[in-house]
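For reference, the structure discussed in these notes is given below.
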Ligand code: GUN
């Protein structure tokens, strides 16, 4: 069994980003700039936002932090996004999800200029993705593709089973892996799928993104499968100083021995999400400087 860690894949991506952003600066005196909007103070979201900021600053990117109260009204949030859409210094805009329930997530995401939507969630970008056209690919699915490439995991003719139908992971990864060139046969399962194990047991590659700790157990996995665990769940753990530990959607200890390859949590897919956000921000900056977006 091989453990697929994201760290070394991410490191190779950062190496290229540093070279290319230096080149961009030499040509245009512009640093790729990311604006991140956080609404409220959910601890996991705060942690993600601060890792994104740390990495942006480490890479010498410009960074704008917009922290807004949980009870902000929708129009005020939309006017912040409008300001960022018009700000020529800003290449990429990310609104950290989930948003508080009183805000309409679709309306908020749809208000981001498609050319600055480095999260790849705007309908224009998702539409391009489904049509197999060049676009911003949302960060976690994009990271999974880079991991599959790096570890030379063949998808052609393979049966990929995705558990989870979210717009941020399940739907885009399914669309990407069925594309020409990737050539997988993809089944998407979700919380209402009847007899889920009958699907997962036929998966050559099982991708799990449902946000339920240790949900996939060894009886659900075929011998020799590749398992990609997208879950990052906080589980209470009094033995840890911070009072919790992170665990995936897959019961790693029982499943690992059946797999040819599996991603651990943490250190698996997680580091790839931020790497691909930085990659998309650099791509956005290049497009803006070249006047193409
Ligand atoms: N919340 C968890 N993951 C993500 C992500 O990739 N993008 C955004 N915007 N919010 C998230």
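Numbering (the numbering used here), first residue to last: 106 to 398.
Even for Gly, the Cβ is constructed at its ideal location relative to N, Cα and C.
query	result
The ligand GUN heavy atom lying under 6 Å from the CB of residue 354	no
Spatially closest choice to residue 212 from 194, 234, 181, 192, by CA coordinates	181
Segment contact flag, the stretch 222-233 with the stretch 261-270, C-beta cutoff 8 Å, min 3 pairs	no
7 Å Cβ shell around residue 278 - same chain, five flanking residues per side excluded	246, 249, 267, 312
7 Å Cβ shell around residue 130 - same chain, five flanking residues per side excluded	136
N- and C-terminal bounds of the alpha helix (DSSP H) containing residue 319	Where residue 319 is concerned, there is no enclosing alpha helix (DSSP H), given that its DSSP letter is neither H nor E.
Cβ neighbour criterion (16 or more within 10 Å) applied to residue 322	exposed
Chain B within 7 Å of residue 365, Cβ atoms only	Going by chain labels, chain B is absent from the structure shown, which holds only one protein chain.
Contacting residues, own chain, Cβ-Cβ under 7 Å from residue 115 (five flanking each side not counted)	376, 377, 380
Residue 389 vs residue 352 beta-carbon contact at 7 Å	no
Residue 207 in three-state terms, based on DSSP	coil
Distance CB(residue 169)-CB(residue 198) smaller than 7 Å	no
Residue 224: CB within 6 Å of a non-hydrogen atom of the ligand GUN	yes
Residue 372 versus residue 140: straight-line alpha-carbon distance, rounded	25 Å
Supposed close pair residue 326, residue 332 - CB separation, criterion 8 Å	6 Å
Range covered by the alpha helix (DSSP H) that runs through residue 294	Not the alpha helix (DSSP H): residue 294 falls in the beta strand (DSSP E), residues 290-294.
Spatial distance of residue 210 from residue 386 (CA atoms)	22 Å
Contact belief for residue 167 with residue 126 at Cβ below 8 Å, rounded distance in angstroms	Actually they are not in contact, since the Cβ atoms of residue 167 and residue 126 sit about 11 Å apart, beyond 8 Å.
Any non-hydrogen atom of the ligand GUN closer than 6 Å to residue 199 Cβ	yes
Enclosing alpha helix (DSSP H) for residue 256 [first to last residue]	Segment: none, residue 256 is in no alpha helix (DSSP H) and carries neither H nor E.
Beta carbon of residue 265 nearer than 7 Å to that of residue 299	no
Sub-7 Å separation of residue 335 and residue 308 beta-carbons	no
CB contact flag (residue 109, residue 366, <7 Å)	yes
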